[in-house]
Amino acid sequence: MSGLPQIYTAHVFVRLKPGVNDPQGATVADGLRDLGFDGIRDVRVGKIVDVELVAPDAATARDRLQSMCEQLLTNPVIEEYELELIEPQPLKLSDTAW
Amino acid sequence: MSGLPQIYTAHVFVRLKPGVNDPQGATVADGLRDLGFDGIRDVRVGKIVDVELVAPDAATARDRLQSMCEQLLTNPVIEEYELELIEPQPLKLSDTAW
Amino acid sequence: MTAPTDRAVPDDATLREVALTRDEYHLAFDLLDRAPNAVELGIIGGMWSEHCGYKHSRPLLRRFPGTGPRVLIGPGQENAGAVDIGDGLAIVMKVESHNHPSAVEPFQGAATGVGGILRDIFTMGARPIAILDSLRFGSLDDARSRFLANGVVGGIAWYGNCVGVPTVGGEIQVAPCYAGNPLVNAMCAGLIRHEDLTSAAASGPGNPLILVGTDTGRDGIHGATFASVEDPEASHRGVVQVGNPFMEKLLLEACLEALTTGGVAGLQDLGATGLTSATIEAAERGGCGVTIDVARVSRRADRMTPYEVMLSESQERMLVVAHAGREDEVRAVFTKWGLHSDVIGHVADGHDVRVTEGSVNVAQLPVSMLVDAPTYEFPVERPAYLDDVQRLNVDELPEPVDLSGTLLTMLASPNIASRRGVYRQYDHMVGTHTIGPPGGDAAVMRIKGTDRAVALCTDGNARHCYLDPFHGGAMAVAEAARNVSCTGATPLAITNCLNFGSPEDPAVYYQLARAIDGMTAACEALGTPVVSGNVSLYNESSDQAIWPTPVVGMLGLLERADASCGIGFGAEGEIVGLLGDATPALDGSEYLAVVHGQVAGAPTIDLDAELAVQALVRDLIEARLLVSAHDCSDGGLAVAVAESAFAGGIGVDLELDSRQERDDVALFGEAPSRIAISATAAHWAAVEDRAAAAGVAVHKLGRVGGDRLRIGPIDVALDEAHRAWDQGLNTALAGRQPSG
Amino acid sequence: MRAAVIVFPGSNCDTDTHHALSHVMGVPTDLVWHATPSLDGYDLVVLPGGFSYGDYLRTGAMAAQARVMRAVREAADRGVPVLGICNGFQILLEAGLLPGAMLPNACVEFRCEWVHVRVETRRTPFTEATDVGRVLRMPIAHGEGNYVADHETLDALHDNDQVVWRYSDAAGRRTAGANPNGSVGDIAGICNARGNVVGLMPHPERCSETALGGTDGRLLWESVLARVAA
Ligand SMILES: Nc1ncnc2c1ncn2[C@@H]1O[C@H](COP(=O)(O)OP(=O)(O)O)[C@@H](O)[C@H]1O
Ligand SMILES: [Mg+2]
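Line by line, the protein sequences give chains A, B, C and D. The numbers in the working numbering rise by one with no breaks, and the one at position 13 of the first sequence is 13. Here the working numbering runs 1000 ahead of the position in the second sequence, where the first position is 1. Here the working numbering runs 2000 ahead of the position in the third sequence, where the first position is 1. Here the working numbering runs 3000 ahead of the position in the fourth sequence, where the first position is 1.
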C-alpha cells in the first residue's frame, strides 16, 4: 500500500551507444587539443535529463520514468540510458505546483 | 613521483545553474505531460562529457580536467559542473592512439 | 541643482543599483513631492536609464530627418519604423544592439538580441522576413575574441534558424578597440499591409492587459541599467538570459493570428525593463493610465517581489491589450498555440501607472514623468586626438614590391575575406523570399504576389568615424545606399544603431554629435529619412572606448524584382569599368591598416557625387545594360574586381588608372562614390552615353576573361586568390595560421 | 488531387511548401494542424522542414508523438505518398516510419547551402518521373542531417532499393567534399520498404522557381503529381 505522494528526483543519463560515432564529442576533443591539452584519447557527449515528479511510491516513480525514457527521452536506435532515482523528499503542503 | 601514464576516464556532468531558464527542459516537461504522464513538476536538461585521457597520476588528471571544464567544457556564466574521475585502467602497450 | 539637505537620500549603492544619480533622485522626489518607495525607485531608474530614456542622445536624435512621402511611421513613435513600398504594402524595420549581454555570454546574448528585434517587428503586426547582423570584435588573433565571435554567430544562427526568419545580410569587422566590448547589432525587416499596422498603445480604459509567453523569472533584472554602466563584465554576471526561439516562433504566429480576430487593441513587446517599460510606454501612446496586479503574473521562480516582477527581463513575452469583452477570443488563439496567458491588469482612466500586489498598492507614478527622462546636453568640442590621427604622410609609406602578394594578404584579411563560413550557418533561404542571397552588396527579397523586391543591407565603417566622425557618419549612410543601389534598388529609408563609448567623455560626445550630423547630411542628400533606431552608449572596457560605430540599415525598393543586378562578372569579353571619379586615397583604408599597421588620415565624401553615381547605376541596371555592379569599399578597386571575378568564376584583365602616381593607391586606395561595373561589349557604348548624360565619369578598365586576376601590376591565378579570400575568415575564426 | 502540409509547433517551412505546391504547382493544398486526427481525402502528405518543438531533446522527437502522426501512419498504410523534408524527414525517423536516425552534422554546424544529390532509384512516387543517375541541385539547411543506421538496416536499405538520393558532385560522383553532413553512404534521402514514404534533407520547395536560383525541386512535385493523376 502506498502512502502520501512524494517528490521523486531522477537523473536520466543518456549516451550514444558505443559504436555510434559522435560528431560533438570529436569536435570537443579537437577543441581541447587546440587549447593545448595533451593525452586526450576520446571524448563523448551525452545528455542528462533531470526529472522531478510526484508519485505515490518509488516503484511507481521508476515505472513511469522508464516509460518516459522509452517513449520520449531516448531514441533506442542510437542511444542508451541509465536511470538514477533519488530518495524522495516528503511533499509539503505548500507544494501545489503540480 | 609518478609512475607510468595511465588512462583515466572522467564523467563531467554539466547543468544550468539553478535559476537559469531552461526552455528545453520546460518543453520536454510539456511533451511528457502531453503524452499523459502525471505529476511532472520540473524537467531540466544538461549534458554529460565523458573524457578519456592519459595522465601520469590521478591528481594531474583531475587538474587537467578541471582546466578543461573551465576553459571549454562549461560556461561558468550559466552552467555548473560536477567532475567524476574513474579509477584508471593501466595503459597497454597497444594503446598508442595518444 | 542644489539638493535639499534635509531629505533622506538612499545610499550610493542603492542609487547605483537603480542607475540614478543623486540629482536625478532629487528630481524624482520633486516631481512626486515625496520619496519614491523601493519599487517606484526601480521603475524610475529603469525608465530613466540610458537604454529606455535616451538621456544623452534624445536631443541629438531630433536632428535626424524622420519624415518623407514614404514614411508611414517615423522614429520614436512605435517599436519600429514603417516605410511604404507600394501596392498597399509596407516594410517595418529596426536595428537593435545586444552588445553588453553578448560580451558576457556571446551565444545567448546574441540569440536574445535576435529575439528582441524580431518582437519589435511583429509587435507592429508585421511578419518578419529578414534578419541582418552587424558585428564587431577584437582582433581574431586573440582567443577571447574568437570565442566571442564564434559564440555570437552560433547564437544568431540558432535563434534565427529556429524561428524561421532568414538571416540574409550584415557585417563582421574586427579591430582591437572591440576586444573588451564586442558589438552585436541585429536588424529585422517585416512585411505588412498598411491597414494592418498595429500600435503598441494601451487605450480604452477598461481594456484588459494580457501577458503572454514565457512565465516570468528573475532573468536579467537590471538588464537596462546594466547597459548603461561601463564594463559589464565586472559585476553583472547574474543577468544572463537564455533565449527560447521555439517560444518566439509560437508567439509570432499566435500574435499575428490574434490580430486577425479584431479583438486586439494594441500589442507591445517586453524588452528592456520588462513589464515596466512595456506598460508605461503603451500607456503613454494610448494617453491613458494602466493598472497592473503583479500577483496575476505567472512566475517561474518562488517568492518574487513586486520589484522583481516589474523589472524582470524574461524573454519571449508580449503584452496584449484586448478590447474589453473579447479577451476570451484573444486568449483562445494563444491557447491554440500552446501559450499561457494571464490578464494582469487593465487600461485605466487618468495618467498614472499603478502597480498592486493583490489589493495592496505597491507603486503609483505619473506616466509622463517616467517617459520624460531628464536629458543631458554637453558642448560639442573637437577633441585633440583628431589632429594627431588625421595626419598622414603617404610618402613615408614604402610601396610593396610584390603587389600580387599584397592582394592575397588583403583578400585573406578578416575584414575583407569571404563571409561564406558565417552565412552558411544562417538559414538565409527560409521563407523563399531571398532572391539576392548573402555575398552580394545587399540582400534582395522578393515580395510574393507582386513584381517588387526590397534590398537590405547594413553598413558602418568605424575607422572612418574615428578619423572623422562627420564624414564617417555620412559615409556609413552613403555606403549603405550605394550597396542597395548596386542591386538596382532605390534607397528609401534607414534605420540605425549608434554604438558609442561613454557620452560623459567629451571626445565621445563630440563623436556622437558629429556622426549624427554627418548621417543627417547624407540622409538629406540621398533622400533617405531615418525611421527607427537604437542607441547603445557606454561601450567601453577597462582599457578603452570603442571607435564610434554608427550602423546604418538601409531599405531599398526594386519595382521589378527580375531586373536586380548581382556583383558577379558574367562571361568572357565583357567590359569592366569604374563609375565615379572620386580620387582613391589611403586615408582610413583597410590597406593602410593591414599592410602598414596605421589608422590615420581624413576620409571624406562628396554627397553630390555620391547621389549622381548611385542614380546612374540604378538607371543602367533598370535599362538592363549591366551584367554586374559592385561597390568599391574596403580594399579599394583591386578587391572589388577580385570579388566580382570570384562571384562570376572567371578572371579579368585590367589596366590601372594612369593618373595615380602610386600603384598601391590606385589598387587599394579607397574613396566613396565608386562602383565597379561590367557590361557586354554590345552595351558598352550605351553605358558611356548614359554616364555622359548624367555627368558621371566612367573609366573603361579592361575585360573579363581567363583564369587569372590581372589588375595592372597584379597577376595571380584566380583559384589561388579565391582560396585566400574564401578561407581567410574561417582560418582566423578557427585560430589557425593561414596555410601557405 | 489534394495535398496536406502538416503544421507542427515550430514548423517553419510549412508556408513555403504550401506556396510551392499551391501557387507554383497549382495543387490545392491545405495547411493541416498537428492535432488533426485524420488525413482522409488527401492524395499527398508533406511533413515540412523547420524546428518542430524547437528541436529540443532530439530533432523530430516530440513531433513524432503528435496526434496527426497516427493519421500519417494510416495514410502511409493506404499507400498515399508521404514526403518528409528536412525536419519532416527527422520526424519520420523518430516516428519509426523510416529506419535509422539523425546525428548532428559532422562539422557540428548548421549548413545552409546548395548541394547536389544523385537520384538512386525511380521506385518512389517522387522520383519515378526522373532517371536514375540524374543529378539534382537543391539547397540544404540543417544542423542534423548526419544519417546513421546499423549494418543490418543499411544492408536492408541497399537490398530493397530504399536509398533514394545520395550526395554527389555536379557530375554525380560521390566525393568526400560533396557530402555536407557526414551521413553514412552519402545518404540524402530514403524510402520505406513499400516506397511511398520518403524522407530527404534537401528542400525541394526552395528550388521550385527560377527566381530562387533553381528549379530541380519541381521534378519531385511533377513526379508525384503524375503518379497521383495516374
Ligand atoms: N538612433 C536612433 N535613430 C532613430 N530612432 C531611434 C534611434 N534610437 C531609438 N530610436 C527610436 O526610439 C524608439 C524607442 O527605441 P527603443 O527604446 O530601442 O525601443 P524598444 O524598447 O522597443 O527596444 C523607437 O521608435 C526607435 O526606433
Ligand atoms: Mg519594443
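Ideal placement from N, C-alpha and C gives every residue a C-beta, glycine not left out.
My guess is that residue i and residue j are in contact by the Cβ rule of under 8 Å, so how many angstroms apart are they, rounded?
i	j	result
residue 2136 of chain C	residue 2178 of chain C	5 Å
residue 2307 of chain C	residue 2038 of chain C	6 Å
residue 2028 of chain C	residue 2462 of chain C	No, residue 2028 of chain C and residue 2462 of chain C are not in contact; Cβ-Cβ is about 36 Å, not under 8 Å.
residue 41 of chain A	residue 1079 of chain B	The Cβ separation is near 24 Å, so there is no contact.
residue 3093 of chain D	residue 3010 of chain D	Their Cβ separation, rounded to whole angstroms, is 17 Å, which puts residue 3093 of chain D and residue 3010 of chain D out of contact at 8 Å.
residue 2075 of chain C	residue 2520 of chain C	Actually they are not in contact, since the Cβ atoms of residue 2075 of chain C and residue 2520 of chain C sit about 12 Å apart, beyond 8 Å.
Which class does residue i belong to by DSSP, given the choice of helix, strand or coil?
i	result
residue 1008 of chain B	strand
residue 2684 of chain C	helix
residue 2241 of chain C	coil
residue 2703 of chain C	strand
residue 2213 of chain C	strand
residue 2219 of chain C	coil
residue 2513 of chain C	helix
residue 2233 of chain C	A caution first: residue 2233 of chain C carries a pLDDT of 42, below 50, which makes its placement in the model unreliable, though a value can still be read off. Reduced to three states, the DSSP call for residue 2233 of chain C is coil.
residue 3088 of chain D	helix
residue 2717 of chain C	strand
residue 2055 of chain C	coil
residue 2386 of chain C	helix
residue 2561 of chain C	helix
residue 2725 of chain C	helix
residue 3116 of chain D	strand
residue 2137 of chain C	strand
Rounded to whole angstroms, what's the CA-CA distance from residue i to residue j? Just pull it up for me.
i	j	result
residue 2679 of chain C	residue 3215 of chain D	27 Å
residue 2301 of chain C	residue 1044 of chain B	14 Å
residue 2501 of chain C	residue 12 of chain A	48 Å
residue 3110 of chain D	residue 2208 of chain C	42 Å
residue 2163 of chain C	residue 3050 of chain D	8 Å
residue 2488 of chain C	residue 2106 of chain C	36 Å
residue 2237 of chain C	residue 1077 of chain B	Any reading at residue 2237 of chain C needs caution, since the residue's pLDDT is 39, under 50, leaving its predicted position unreliable; the model's value is listed next. Each residue's alpha carbon lies about 6 Å from the other.
residue 2522 of chain C	residue 2483 of chain C	15 Å
residue 2070 of chain C	residue 2091 of chain C	10 Å
residue 2235 of chain C	residue 2017 of chain C	Any answer about residue 2235 of chain C is weak, because its pLDDT of 40 lies below 50 and its placement is not dependable; what the coordinates show is given next. For residue 2235 of chain C and residue 2017 of chain C, the distance between alpha carbons rounds to 11 Å.
residue 50 of chain A	residue 1088 of chain B	28 Å
residue 2446 of chain C	residue 1061 of chain B	57 Å
residue 8 of chain A	residue 2156 of chain C	37 Å
residue 2684 of chain C	residue 2582 of chain C	21 Å
residue 3053 of chain D	residue 3229 of chain D	35 Å
residue 2426 of chain C	residue 2165 of chain C	10 Å
residue 2477 of chain C	residue 2189 of chain C	18 Å
residue 2389 of chain C	residue 2536 of chain C	25 Å
residue 3013 of chain D	residue 2430 of chain C	7 Å
residue 2402 of chain C	residue 2423 of chain C	32 Å
residue 2356 of chain C	residue 2528 of chain C	45 Å
Enumerated in chain order, which unbroken segments of the alpha helix (DSSP H) with a length of 4 residues or greater are wholly contained in the region 2073 to 2134 of chain C? Taking only runs of at least 4 residues, the alpha helix (DSSP H) segments lying wholly in the region 2073 to 2134 of chain C are 2099 to 2104, 2106 to 2122.
Could you tell me which uninterrupted alpha helix (DSSP H) segments, each at least 4 residues in length, are contained entirely in the region 3019 to 3087 of chain D, listed from first to last along the chain? Within the region 3019 to 3087 of chain D, the complete alpha helix (DSSP H) runs of at least 4 residues are 3068 to 3077.
What beta strand (DSSP E) runs, 3 residues minimum, are completely inside the region 2311 to 2335 of chain C? Annotation note: the region 2311 to 2335 of chain C contains the following uninterrupted beta strand (DSSP E) runs of length 3 or greater, listed N- to C-terminal: 2317 to 2322.
Are three or more beta carbon pairs between the region 2366 to 2381 of chain C and the region 2317 to 2327 of chain C nearer than 8 Å? The region 2366 to 2381 of chain C vs the region 2317 to 2327 of chain C: no contact.
Completely contained beta strand (DSSP E) runs for the region 1019 to 1086 of chain B, where each covers 3 or more residues: Runs found: 1040 to 1055.
Using 8 Å as the threshold, is the region 2084 to 2102 of chain C in touch with the region 2112 to 2120 of chain C, meaning 3 or more CB pairs across them? By the criterion of at least three beta-carbon pairs nearer than 8 Å, the region 2084 to 2102 of chain C is in contact with the region 2112 to 2120 of chain C.
Cβ contact (3+ pairs, closer than 8 Å) linking the region 3094 to 3114 of chain D and the region 3138 to 3156 of chain D: The region 3138 to 3156 of chain D and the region 3094 to 3114 of chain D touch, with three or more beta-carbon pairs separated by less than 8 Å.
For the region 2400 to 2470 of chain C, which segments carrying the alpha helix (DSSP H) assignment without a break, of at least 4 residues, lie completely within its bounds, in sequence order? The alpha helix (DSSP H) runs lying completely inside the region 2400 to 2470 of chain C and spanning 4 residues or more are 2403 to 2412, 2420 to 2423, 2462 to 2467, given in chain order.
Whole alpha helix (DSSP H) elements within the region 2468 to 2545 of chain C, 4-residue minimum: Counting only runs of 4+ residues, the alpha helix (DSSP H) found wholly inside the region 2468 to 2545 of chain C occupies 2469 to 2485, 2506 to 2526, in chain order.
Is the region 3167 to 3183 of chain D close to the region 3077 to 3097 of chain D, with three or more CB pairs under 8 Å? Put simply, the region 3167 to 3183 of chain D does not touch the region 3077 to 3097 of chain D. Fewer than three CB pairs are less than 8 Å apart.
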